[in-house]
Structures are given as C-alpha cells and as structure tokens.
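Numbering (full-length UniProt numbering), first residue to last: 1 to 212.
Note that beta-carbon positions come from the ideal geometry of N, C-alpha and C, so glycine has one too.
Since the structure is predicted, the reported quantities are computational estimates derived from the model, not experimental observations.
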C-alpha cells in the first residue's frame, strides 16, 4: 500500500456521530455510552465542525473539579451543561482527500487516538489508530481480487493470458509480459495504492522498449 497516495477516505469510518452545540451534557454522555464510542463531533446549524466532546472532556464533571480545579479548562468543563461548554476547540482534523501517511503522522505527533475527517469544514468520517492498522490485516484474497479485477482487468485491460498476480502476506507478485516497457510502471503504481498492499514485486517483461 502506498500510504502517500491512498486517501483517508479509503480507511475511515463514515457517518460520524454529531451533536449540536446546545445538546445537554447528559445527552452527550448517553450517546457515548449507548453507541460505545469515545467522542462525538459538535456542529453548528450549518453542519460545520466547531468542537469535539470526548470521554476525557466529561471526566472533570465526575471529579468535582468545580470546587478544586487543577486547570481553568477543567473548571469550565466541570460546570458545563451543554456540549459547547465542555467541548475541545479548535479541533485537530484531517481532510477527506489527505493521504493515510499524513493521518498517521498527525496521530503520532499529537498523541490523539482518532481524527475527525472533514470535507469543506463538515465532518464526514473518523479515522482511528485501529483503522490505520487495520489496513495491514486485510485478507490476501480481497487484495488479490482488487489487483486482478480492479487494476489488471478493468483499468489496464490486461487479462490472465498476459499478466498473472499472486498475493502472500500483503506482498503482490506480478508476472507476465506486456507489449511496451512503459506499461510496467503504471502496474506497480496502481497496485501500491490498493489498501492492504505491503509491497509489489513486479516481474513483468516487455516485447519492445518504448522508453529508452
């Protein structure tokens, strides 16, 4: 998998749970526990992301930070009654078209467990550490299907009589012969972009050299 070209949209969880700024804290807590999620997006009346309420944002209420706050932010959240008053803002986000490598970098740099994915300011998904790691556990059979059907047959029009592909532990081995040398590089590039591909061993030969 080429993480510099595969977009976050290929691995994210779609339809993120959103609440309005005026949603009561008790309702937010109910959503977190009921849906078994760790955070919700807070949006305004135009659907734009303005904050995030996570489990961590609600803990000051349970600790009774109002009477003995360690931090001003915790004191504010402990006294909060709505999502707006307890949310974390501004939010660290990732664009829907950003590559997986960028999302991984942000998660490592910030120490966050998840990122909300936005499209023109509106939340369209969530990508977590587990989502990114899940790419590496994708079954070889699914990867091989995408290679053979999606790339070789449908995109490049290369049938099994000309090119064969085998996948083992995420490594794609391609063998066969194409007409022109210039056809070889696109095979590698397109296969690398498939989620779950660890590496590509391109053993293709060619009839004539149109590159030299």
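Can you say whether residue i is buried or exposed, counting buried as having 16 or more other CB atoms within 10 angstroms of its CB?
i	result
residue 14	exposed
residue 138	buried
residue 54	buried
residue 136	exposed
residue 131	buried
residue 62	exposed
residue 39	buried
residue 60	buried
residue 57	buried
residue 174	buried
residue 11	buried
residue 6	buried
residue 133	exposed
Grab me the residues of residue i's own chain with a C-beta within less than 7 Å of its C-beta, minus the 5 sequence neighbours each way, in chain order.
i	result
residue 35	17
residue 146	194
Based on the DSSP output, what are the partners of residue i in its beta bridges?
i	result
residue 115	127
residue 7	99
residue 166	173
residue 93	116
residue 178	206
residue 122	119
Leaving aside the five residues before and after residue i along the sequence, list all residues of the same chain whose C-beta is less than 6 Å from its C-beta, in chain order.
i	result
residue 124	96, 117
residue 200	172, 188, 191, 192
Keeping to the same chain, check which residues put their C-beta closer than 8 Å to that of residue i; ignore five residues upstream and five downstream.
i	result
residue 94	8, 102, 103, 106, 115, 116, 117, 118, 127
residue 110	92
residue 184	178, 202, 204, 206
residue 129	107, 113, 114
residue 22	82, 83, 84
> Which ranges does the beta strand (DSSP E) cover as unbroken runs of at least 3 residues, wholly within the UniProt domain "CBS" (12-68), from first to last along the chain?
Replying inline: 18-20, 39-43, 49-54
> On the three-pair Cβ rule with 8 Å, is the region 21-37 touching the region 80-90?
Replying inline: yes
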